[in-house]
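Start counting the sequence shown at 41; every next residue gets the next number (this note's numbering). One structure below.
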Amino acid sequence: MVQLHVKRGDESQFLFNTTTDSLLESVIQQVTAIYNGRLKVDRICSEIPELADHGVTLPPNMQGLTDEQIVELKLKDEWEERCIPSGGEIFRKDEIGRRNGHAPNDKMKEVLMRTVEEAKALISKKQAQANVCVTMEMVKEALDQLRGAVMIVYPMGLPPHDPIRMEFDDQEDLSGTQASLQVITEEECQLWWAGKEMQRGKKLQDYIGRNEKTKLVVKLQKKLDEADDDSYLDSEWSNRQALKRQFQGLTNIKWGPR
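Below, the structure written as structure tokens:
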């Protein structure tokens, strides 16, 4: 097997096993799925401690409001009575007003937090140091562990607007977030090795030969949008005559009827 050490920038991500006969189209597809899957696990793992401490997310129209404002606006969280954690609740007010404060008891909190650590370990970057390859099956196992723990604590499920449920349902909205900058779609993903892009229409052996014991470091990056790549050509400063026209007072002249 050929072992790819996948990096993003200079940061190690994971090891991936493949063969020299593999189509790069398929390799890129699998590597992208694992990369984005690990990001999803990380996002869920960052939200579950908030769930454990402060209960489920409030409806969007109630988030960030004070108790007085909620009363004044006559708003009601219809999910509060449905989403009661197993074994009873402990009220822990969320000071930023994002979650409803009806948190799981300490035993159920422990279930959530222990599972978070297990899921994170499964897809950790430290797996590369231990020479363990991360597979899509491992990513799915981590997601299943997290989903199972949430179902134990909230057997009735989470509200549809809770970010954890949205992640499980593949309905997450990352627009405008830092997390959105980390995700790479399959279409825009590129693999680079030895300063060259590995083209999708080729096989891995076209670059490294047929030695199945090869180990190489590849970099994962986004394909630059062609429009962005060439946009500077349309910029005023890129026009060699622009400066001359400015001195001659010929800028902002429009021809034709007004």
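Ideal placement from N, C-alpha and C gives every residue a C-beta, glycine not left out. Note that the coordinates shown come from a computational prediction; the quantities given were computed from them, not determined experimentally.
Collapsing the DSSP output to three states places Ser-86 in a helix.
Apart from sequence neighbours up to five positions away, the residues of its chain that approach Leu-79 with a beta-carbon distance below 8 angstroms are Ala-219, Gln-222, Val-223, ordered along the chain. Under the three-state reduction of DSSP output, Val-190 falls in the helix class. Within 10 angstroms of the beta-carbon of Phe-208 lie 16 or more other beta-carbons, which makes it buried.
Per DSSP, the continuous alpha helix (DSSP H) segment holding Lys-160 begins and ends at 146-162. In this structure, the beta-carbon distance from Gly-77 to Val-151 does not fall below 8 angstroms. One thing to note: Ile-84 has its Cβ within 8 angstroms of the Cβ of Ile-204. The beta carbons of Asn-251 and Cys-173 sit about 18 angstroms from each other, so the pair does not count as a contact at 8 angstroms.
Between Gly-137 and Leu-105, the C-beta gap is smaller than 8 angstroms, which places the two residues in contact.
Of Leu-162, Trp-232, Cys-123, Arg-240, the smallest CA-CA separation from Lys-259 is found for Trp-232.
Residue state for Ser-215 is assigned as coil, using DSSP reduced to three classes. Per DSSP, the unbroken beta strand (DSSP E) holding Gln-230 starts and ends at 229-233. With respect to the C-alpha of Ser-126, the residue from Met-148, Glu-108, Glu-135 having the closest C-alpha is Met-148. Beta-bridge analysis with DSSP links Lys-259 to Lys-47, Trp-232. Beta-bridge annotation (DSSP): Val-42 is paired with Thr-58. Your pair Gln-261 and Gln-239 does not check out as a contact, with CB atoms roughly 14 angstroms apart and the cut at 8 angstroms. Three or more beta-carbon pairs separated by less than 8 angstroms link the stretch 117-126 to the stretch 187-205, which places the two stretches in contact.
Cβ-Cβ distances below 7 angstroms link Lys-242 to Leu-64 in the same chain, with the five nearest sequence neighbours on each side left out; the list follows chain order. DSSP places Ile-248 in the uninterrupted alpha helix (DSSP H) bounded by 245-248. Within a 10 Å sphere around the beta-carbon of Met-41 sit fewer than 16 other beta-carbons, which makes this residue exposed. Non-local C-beta neighbours of Lys-255 in its own chain, meaning closer than 6 angstroms and more than five positions away in sequence, comprise Gln-43, ordered along the chain.
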